[in-house]
């Protein structure tokens with residue numbers, strides 16, 4: 012009696028057939044897609060119930076939308092370079108592979124390889140963290156200090172520490188590094204890249220934002236905020252943090268010089284103090300514009316709590332599994348951008364739960380016919 016293949020085996024058979032139809036070795040395909048041969052081998056193994064991440068199937072569909080059998084060194088094409096017939100093939104194949112994966116993912120006994128968007132098959136993985144201006148650094152950031160501590164040069168350290176441990180645990184065999192913007196080298200920038208913080212203190216984030224022309228969400232400086240940058244859509248819609256009403260205080264307000272030195276211009280207005288109660292977080296995953304076989308992930312916020320909220324959306328054990336599932340279902344192609352609310356309780360940033368509709372301010376993917 013012949014048993015029907017499992018859904019995972021059906022996907023593996025289909026991936027293997029696509030490669031063999033073009034008489035291509037696993038090594039050649041791995042090079043074209045920018046992933047390891049072992050990953051290709053695992054995904055094509057009918058007896059292995061591990062599934063490729065959903066975002067890995069889109070490059071498969073894009074690659075096999077064309078005939079590469081006559082090419083000596085096949086290359087992954089760009090979607091915008093496909094003609095009408097190739098685009099139709101790509102769309103149908105991508106839908107087929109995602110459907111096979113979803114059927115396998117929902118079958119018992121199947122282990123998904125996409126346990127985290129922070130898991131990568133290849134390295135390097137580099138987090139670029141903004142550098143705090145000299146005026147706001149601890150004296151321990153000075154190399155002449157006998158107790159010099161390099162990390163005092165970093166801004167958004169809370170977000171970096173949260174992310175760094177997670178990246179290392181998810182990718183124990185890969186090269187994982189963190190850099191200040193001025194230290195980023197070409198190998199760092201063309202690998203899997205994570206940008207932390209806004210565009211003012213992170214020059215790499217500022218430069219790459221100009222390359223992401225299709226991404227509708229931009230982080231911009233506005234004249235009425237001194238200590239952060241808001242998010243804006245092409246139609247001018249703005250996403251800003253929320254503040255409490257002005258607080259009554261009998262204390263003497265600080266001087267203008269003290270407010271500037273402490274970076275609290277947005278807190279003190281006309282001698283009155285207010286409290287930040289909700290920041291805005293920006294989380295995006297798109298192909299790296301400097302190497303489209305690798306990814307670019309952006310974790311930013313208007314203020315530092317928003318940056319931390321963007322990171323914790325996918326690291327906090329209380330919400331990360333639900334958020335991963337939400338992103339996989341909403342954005343099966345793997346590329347997305349999302350703006351989220353980050354409430355503050357007792358001054359602490361709460362991790363946004365994407366299953367709560369109120370927390371999602373705006374979302375986008377390349378496959379959307381119109382902005383969400």
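Numbering (my numbering), first residue to last: 12 to 383. For each residue, glycine too, the CB sits at the ideal point set by N, CA and C. Since the structure is predicted, the reported quantities are computational estimates derived from the model, not experimental observations.
Residue 188 and residue 157 have their C-alpha atoms spaced approximately 25 Å apart. In chain order, 362, 364 place their CB closer than 6 Å to the CB of residue 330, counting only its own chain and leaving out the 5 sequence neighbours on each side. Excluding the 5 residues flanking it on each side, residue 130 has same chain C-beta neighbours closer than 8 Å at 64, 124, 181, 182, in chain order. Put simply, of 195, 212, 211, 172 the residue whose alpha carbon is nearest the alpha carbon of residue 204 is 195. If you draw a 10 Å sphere on the C-beta of residue 335, you find 16 or more other C-beta atoms in it, and that means buried. 8 Å or more divides the Cβ of residue 148 from the Cβ of residue 161. Where residue 342 is concerned, there is no enclosing beta strand (DSSP E), because DSSP gives it neither an H nor an E. For residue 79, DSSP assigns no beta-bridge partner whatsoever. By the criterion of at least three beta-carbon pairs nearer than 8 Å, the region 311-320 is not in contact with the region 371-379. Looking at 72, 139, 304, the one whose alpha-carbon comes closest to that of residue 192 is 139. Beta-bridge partners of residue 138 (DSSP): 189, 205.
Scanning the region 142-187 from its first residue to its last, the whole alpha helix (DSSP H) runs of 4-plus residues come out as 168-181. For the options 72, 133, 19, 99, the alpha carbon positioned closest to that of residue 48 is the one of 133.
A Cβ-Cβ distance of about 17 Å is found for the pair residue 211 and residue 249, leaving them out of contact under the 8 Å criterion.
Residue pairing by DSSP places residue 356 opposite 359 in a beta bridge. For residue 54, the enclosing alpha helix (DSSP H) starts and ends at 48-54.
Residue 305 and residue 201 do touch by the CB rule: their CB atoms are close to 7 Å apart, below 8 Å. Beta bridge pairing from DSSP links residue 291 with 352.
In this structure, residue 93 sits away from residue 18, with a CB-CB distance that is not shorter than 8 Å.
By the Cβ criterion, the region 345-361 is in contact with the region 286-302, since at least three pairs of Cβ atoms, one from each stretch, lie closer than 8 Å. Residue 354 holds the alpha-carbon nearest to the alpha-carbon of residue 287 among 222, 42, 354.
Between residue 89 and residue 303, the CB-CB gap stays under 8 Å.
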